[in-house]
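Protein chains: 2
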Amino acid sequence: VFFCPSCRRRFSTSQPRWRCDCHSYLLGEFNASLSHAPSGEDQRSIWRFRESFGLSGGARPVTLGEGSTPLVTRRIAGREVLCKLDYLCPTGSYKDRGSSVMITKLKEWGIGEIVDDSSGNAGASVAAYAAAAGIRCRIFVPTSTSAGKAAQIAMYGADLVRVPGTREDTERAALQAASDTFYASHNWSPHFLVGMKTVAYEIVEQLDGKAPDWVVTPVGGGSLLLGLYDGFRDMLRAGWITDVPRIAAVQSTRCAPVYEAWRKNLCDVPAVAKGETAAEGIAIAAPVRGRSILEAIRGSKGVVYTVEEDAIWQMTRSLAEQSLYVEPTAAAAPAAISSMVADGLLQADERVAIVLTGIGLKATDKIVEHFFFEGRRGNNAPPR
Amino acid sequence: VFFCPSCRRRFSTSQPRWRCDCHSYLLGEFNASLSHAPSGEDQRSIWRFRESFGLSGGARPVTLGEGSTPLVTRRIAGREVLCKLDYLCPTGSYKDRGSSVMITKLKEWGIGEIVDDSSGNAGASVAAYAAAAGIRCRIFVPTSTSAGKAAQIAMYGADLVRVPGTREDTERAALQAASDTFYASHNWSPHFLVGMKTVAYEIVEQLDGKAPDWVVTPVGGGSLLLGLYDGFRDMLRAGWITDVPRIAAVQSTRCAPVYEAWRKNLCDVPAVAKGETAAEGIAIAAPVRGRSILEAIRGSKGVVYTVEEDAIWQMTRSLAEQSLYVEPTAAAAPAAISSMVADGLLQADERVAIVLTGIGLKATDKIVEHFFFEGRRGNNAPPR
């Protein structure tokens, strides 16, 4: 069932629905299980973990082979850090895990047309899976979205609507459009979160059944953070692991509502004023699932950090020079590790994992502008 | 050993070498075997197939988790076609399979500095693996190379050298630079080809041990085509499959030296004059391994097709609208399938596979220019 964390109402999942009648977001209680180890039959996609999705037997997976991404070790802030290369999902971002499950459910519901709003990655992902499912799709993005993401969305055949103003203006425009179609939002859909749990499953699988001690993750709307937390708790309940990793959530100093709420010990996340940041993917001034995000951070004995623009760009460069080419948003989380080390949070024998969320090729325009036209580091000929 | 197909000399692989003393390219006879099914121990990388690489036991893999890419089915020219999504390799192109093995060998040799020339994808791939191996790297590209690829190469920390003029001018510049360092060229290295064989292994693995009847592949320098052919022959010898698939090699009409040579029944591939093409990755006027390419096509009872610019762009769009977002070069091969159908080459029950080589995000600049500024199809708002 769908379950409302605010007014506590419950709804059957047999009917399409994206929020509660009281306008709160919904949680999913999908009677999922994690009894068996994943089968080897379909080795390459999140659908190995299907029994944990709690979908009906009749739902036919809309899949592009998302998941099963590499886990490699790189040196960050003097420590060996496990890097989950989730930017190698089919559309170049981790969102594909969520989109695959969400679009599968929408198709089962018989939805023929959807809208979503996005800073870019979720929009590209939803557009791709909608295309695979034959669902018509309109995606609202802010005009500031990287050219790479905008072109990608349009190429998948989605109607791309560029909205001037803030990310929040974009959300409002999408919500208005959703009044006469279905709002298939990664920020609202409980099924999207279900797909995100597979990141946690895979990390444990790749560590031979052991959970890391820490997971450092960017947080914007919270789908990755909540997916990780839910996934690790599934495994704890199933007896696969003995502890849930501590979650270090990272935001840009330019847009840090979760950090503010956590610091003030609030139960929900009030909206903040925000500035422009290289971490466009997590610049969410008022996350829908703020309450759940704070619960997950606290439930994992976690922490919240903020990182400056310079640190984000430097980490983007540093990861690339270690062969991992990601967009700036993905560099925010590893950029916080040096502070965690300085604060004495990480014990010498503790294993730290990060999830690298978006491929660098999505942000060519911004990367070129920053590194090759501002002359800060430009020892190479500018790439155009 | 290294083996020269021209003067027949043989060289030990214990010493670094990239061509024969007679200036021909070299073939590899690496005493490889394919006796066992791949182990499940390292499920996600080409190094599952290590025993078929013929490397010494001491060589330590330089790997980013390349390979293990999805295989999905899409409708192309009215047929169900198996699409190997090799653009989901770590740097966004299939070249990573070759780079992983080549750079591993260079590291074993103790090479500290390399040069390569590339239209972009191989350069990005070699730069990434060199970064992972701690090898200094200089990459020569034509000035016409997509901005996405150029930025990526520079971000990996390679010295990016942009050469005005043709792809061949770029090659000459790299060869000149190679006189005082090592020429780590995907177009010359037999170890690079060894890595490419894994595409064939994986396709057969994903088809439960059966080879497809046809593989339609773009051909420029020939590393993919030769890797496929060698890989399928390995499996034939090992008794895993009963037939090598027929290879349909595809070139742009603007640069079709292999097609010309094949049509004239030549044994080697003379250089041709060429024009600008959207398929920048296969615009090679004089492929180094022309002789081997023709042998492989004929050995597989294959054919060669050329495709027009319009067909390449239309297929780029059509694949994206079916959720597969690739660069135009990758669309050249599927664009030939309609001609193969029209020519009656494909029987109704024959299985056709294609390898999609490069991610669309590499070519954002060219895709935006073509689809959104020329107004040909632009029913969406332009992405920037």
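Listed in order, the protein sequences are those of chains A and B.
Following the working numbering, the numbering of the first sequence begins with 1 at its first residue and continues without gaps.
Following the working numbering, the numbering of the second sequence begins with 385 at its first residue and continues without gaps.
Glycine included, C-beta positions come from ideal geometry on N, C-alpha and C.
Burial is judged here by how many other beta carbons sit within 10 angstroms of a residue's own beta carbon; L466(B) has at least 16 and is buried. Straight through space, the alpha carbons of E280(A) and S144(A) are spaced by roughly 9 Å. Inclusion of V642(B) and I587(B) in the CB contact set at 8 Å is not warranted, their separation being larger than that value. H23(A) counts as exposed, since fewer than 16 other C-beta atoms from the protein chains shown sit within 10 angstroms of its C-beta.
Within the region 149-164 of chain A, contact with chain B at the beta-carbon level (separation under 9 Å) is assigned to K149, A150, A151, Q152, I153, A154, M155, Y156, G157, A158, D159, L160, V161, R162. Residues of chain A with a Cβ closer than 8 Å to the Cβ of R701(B) are, in chain order, M155. Beta-bridge partners assigned by DSSP to S636(B): C639(B), V691(B).
Within 10 angstroms of the beta-carbon of S45(A) lie 16 or more other beta-carbons, which makes it buried. Closest option to A342(A), judged by alpha-carbon separation, among F2(A), L55(A), I76(A), R8(A): I76(A).
The C-beta of T242(A) has fewer than 16 other C-beta atoms within 10 Å across all chains shown, which makes the residue exposed. In the displayed model, V710(B) falls within a strand according to three-state DSSP. The region 161-172 of chain A makes no contact with the region 198-216 of chain A, as fewer than three CB pairs between them are under 8 Å. In this structure T91(A) is buried. Its beta-carbon is surrounded by 16 or more other beta-carbon atoms within 10 angstroms.
Contacts with chain B at 8 Å (Cβ-Cβ) include Y325(A). Within the same chain, F2, F3, C4, P5, P190, S292 come within 8 Å of L27(A) by CB-CB distance, once the 5 residues on both sides are set aside. A residue is called buried when at least 16 other Cβ atoms come within 10 angstroms of its Cβ; F371(A) meets this threshold and is buried. Exclusion of the five residues before and after G728(B) leaves no residue of its chain whose Cβ lies closer than 6 Å to its Cβ. As the crow flies, the alpha-carbon of A285(A) is around 11 Å from that of Q251(A).
Rounded to the nearest angstrom, the gap between the Cα atoms of F616(B) and W624(B) is 9 Å. A508, A511, A512, Y513, A514, A515: these are the residues of the region 489-515 of chain B whose beta carbon lies less than 9 Å from some beta carbon of chain A, given in chain order. Against chain A, the beta carbon of E705(B) has neighbours under 9 Å at A131, M155, Y156, G157, listed in chain order.
When Cβ-Cβ separations below 8 Å define contact, G98(A) makes no contact with chain B. At a C-beta separation below 7 Å, T637(B) has no neighbours in chain A, since its nearest C-beta there lies roughly 24 Å away.
Y513(B) is not a Cβ neighbour of V578(B), given a cutoff of 8 Å. The continuous alpha helix (DSSP H) containing E586(B) extends over residues 574-590. Taking one beta carbon from each stretch, the region 207-223 of chain A and the region 153-160 of chain A have fewer than 3 pairs nearer than 8 Å; the two do not touch. For I367(A), the chain B residues whose C-beta falls within less than 8 Å of its own C-beta are A535, M539, listed in chain order. In the DSSP assignment, I337(A) falls within the alpha helix (DSSP H) that extends over 337-342. Taking a beta-carbon distance threshold of 8 Å, I359(A) counts as an interface residue toward chain B. In the DSSP assignment, D749(B) falls within the unbroken alpha helix (DSSP H) covering 748-752. Within the model, the alpha-carbon separation for G112(A) versus I139(A) is close to 15 Å.
DSSP places P718(B) within a helical segment (H, G or I) once states are collapsed to three. The region 678-687 of chain B and the region 491-509 of chain B do not touch, with fewer than 3 CB-CB distances between them shorter than 8 Å. I666(B) and V736(B) do not touch by the CB rule: their CB atoms are close to 19 Å apart, not below 8 Å. With a 10 Å radius around the Cβ and a threshold of 16 neighbouring Cβ atoms, T601(B) comes out buried.
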